[in-house]
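**Q** For reference, the structure I am asking about is given below.
In this note's numbering, the protein residues as written are 348 to 632.
Shown next, in the form of structure tokens:
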């Protein structure tokens, strides 16, 4: 069977139409993440309230305890209850961790083909998130957990793209076209989804801004972190082209703002590589 040809702009319009008529349901943030975020942002939030919400999700509870007791978060003394986790780590840190850990639930598919596509996006996002978190530890004013979350959501717009492809074509489209759709359609969809989820602008703009290799600004932001992390991940996995190859990195000012030497990747540095592996393990668990 010959590959199906689609025009990206027409495809984007079809997706938006499908969303407007509920033919495609955009993913929503898991309920526990929404409740924790709302509770943290309220004036009367406290550790007991947050712990009560989290413990209603046994799987999330177990993963948050695993994170709190990991070497990455200085787990010298073992913590065995969520209220202590919240007290020791703080409300905002726990909020970002809960959203990040719950994010995997969004990547649940309804078919084997979608599952394969979603797992590919999730695994790539985890790698970018892990690298971005480690990079953020050396950048003044940027929060490592926010950076990790930025990495996890940077390609969230791919989910409705893949859902529409399966619905319409059963994944019979040419692979080059699929990649073009992911590059040209998914970023704006991701930004719209994050705005719908009421993410802060510094995160909502990441899906689009992290692809602007020539972006200029005075100080590093989360899009810079994800941009650099994404390029480092692409290089480490051999997925490079003329724009993303390491030879071009000195031309991209985001590296200087983030403070990364373009002559070496963070994955080649022993300490950062260990931290990246730890974050990868925690997010993939």
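We put the CB at the ideal spot given by N, CA and C, even for glycine. This one's a predicted model, so the numbers in the text were calculated from it and none came from an experiment.
If you measure between the beta carbons of residue 292 and residue 377, is that distance less than 8 Å?
**A** Nothing in the structure corresponds to residue 292, since the chain is present only between 348 and 632.
**Q** By DSSP, does residue 442 sit in helix, in strand, or in coil?
**A** Working through the chain shown from its first residue, we reach residue 442 at position 95. If DSSP states are grouped into helix, strand and coil, residue 442 belongs with the helices.
**Q** Which class does residue 498 belong to by DSSP, given the choice of helix, strand or coil?
**A** The residue labelled residue 498 in the question sits at position 151 within the chain shown. Residue 498 falls in the helix class under three-state DSSP.
**Q** Using 8 Å for Cβ pairs, my map puts residue 447 next to residue 496. What's the rounded Cβ distance?
**A** As a working mapping, residue 447 is identified with position 100 in the chain shown. As a working mapping, residue 496 is identified with position 149 in the chain shown. 5 Å between Cβ atoms; contact.
**Q** Starting from residue 638, follow the alpha helix (DSSP H) in both directions and report where the run begins and ends.
**A** For residue 638 there is no data in the structure shown, the boundaries of the chain being 348 and 632.
**Q** Counting pairs of beta carbons, one from the region 594 to 610 and one from the region 454 to 473, are three or more of them closer than 8 Å?
**A** With the cut-off at 8 Å, the region 594 to 610 and the region 454 to 473 do not touch.
**Q** Can you confirm whether the region 391 to 401 touches the region 429 to 440 when touching is taken to mean that 3 or more C-beta pairs between the two stretches lie within less than 8 Å?
**A** Because the criterion of three Cβ pairs below 8 Å is met, the region 429 to 440 and the region 391 to 401 touch.
**Q** Below 8 Å CB to CB, which residues in the same chain sit around residue 592 once its five sequence neighbours on both sides are set aside?
**A** If you number the chain shown from 1, residue 592 lands on position 245. The answer, listed in chain order, is 582.
**Q** CB-CB under 7 Å to residue 576, same chain, minus the five flanking residues each way: which ones, in chain order?
**A** Within the chain shown, numbered from 1, the residue matching residue 576 stands at position 229. If we look at residue 576 and ignore the five residues flanking it on each side, its Cβ neighbours are 475, 478, 479, 482, 498.
**Q** Could you check which residue in 419, 618, 405, 631 has the C-alpha nearest to that of residue 492?
**A** Here residue 492 is taken as the residue at index 145 of the chain shown, counted from 1. Minimum Cα distance to residue 492 is reached at 419.
**Q** Would you decide whether residue 337 is buried or exposed? Buried here means 16 or more other CB atoms lie within 10 Å of its CB.
**A** Nothing about residue 337 can be read from this structure; the chain reaches only from 348 to 632.
**Q** If you run the structure through DSSP and keep just helix, strand and coil, what is residue 449?
**A** Taking the first residue of the chain shown as 1, we reach residue 449 at position 102. Correct three-state label for residue 449: helix.
**Q** For residue 513 and residue 354, what's the separation of their Cα atoms in angstroms?
**A** On the chain shown, residue 513 is found 166 positions in, with the first residue counted as 1. On the chain shown, residue 354 is found 7 positions in, with the first residue counted as 1. Taking the straight line from one Cα to the other gives about 16 Å.
**Q** For residue 622, count neighbouring Cβ atoms within 10 angstroms of its own Cβ and tell me buried if that reaches 16, exposed if not.
**A** As a first step, residue 622 is located in the chain shown; it is residue number 275 there, counting from the start. With 16 or more Cβ atoms within 10 Å of its Cβ, residue 622 is classed as buried.
**Q** What residue range is occupied by the uninterrupted alpha helix (DSSP H) comprising residue 471?
**A** Indexing the chain shown from 1 puts residue 471 at position 124. Run containing residue 471: 459 to 483, per the alpha helix (DSSP H) assignment.
**Q** Taking residue 459 and residue 502 to be in contact with their CB atoms under 8 Å, please state how far apart those CB atoms are, rounded to whole angstroms.
**A** On the chain shown, residue 459 is found 112 positions in, with the first residue counted as 1. On the chain shown, residue 502 is found 155 positions in, with the first residue counted as 1. That belief does not hold up - the Cβ atoms of residue 459 and residue 502 are roughly 21 Å apart, past 8 Å.
**Q** Whole angstroms are fine: how far does the CA of residue 515 sit from the CA of residue 349?
**A** Stepping through the chain shown from its first residue, residue 349 is reached at position 2. Stepping through the chain shown from its first residue, residue 515 is reached at position 168. Low local confidence applies: a pLDDT of 45 at residue 349 is under 50, so the model's placement there is unreliable, and no value is given.
**Q** Below 8 Å on the Cβ atoms is my contact criterion, and I expect residue 534 with residue 373 to pass it. Report the Cβ-Cβ distance as a whole number of Å.
**A** Numbered from 1 along the chain shown, position 187 holds the residue referred to as residue 534. Numbered from 1 along the chain shown, position 26 holds the residue referred to as residue 373. Rounded, the Cβ-Cβ distance is 15 Å, inconsistent with contact.
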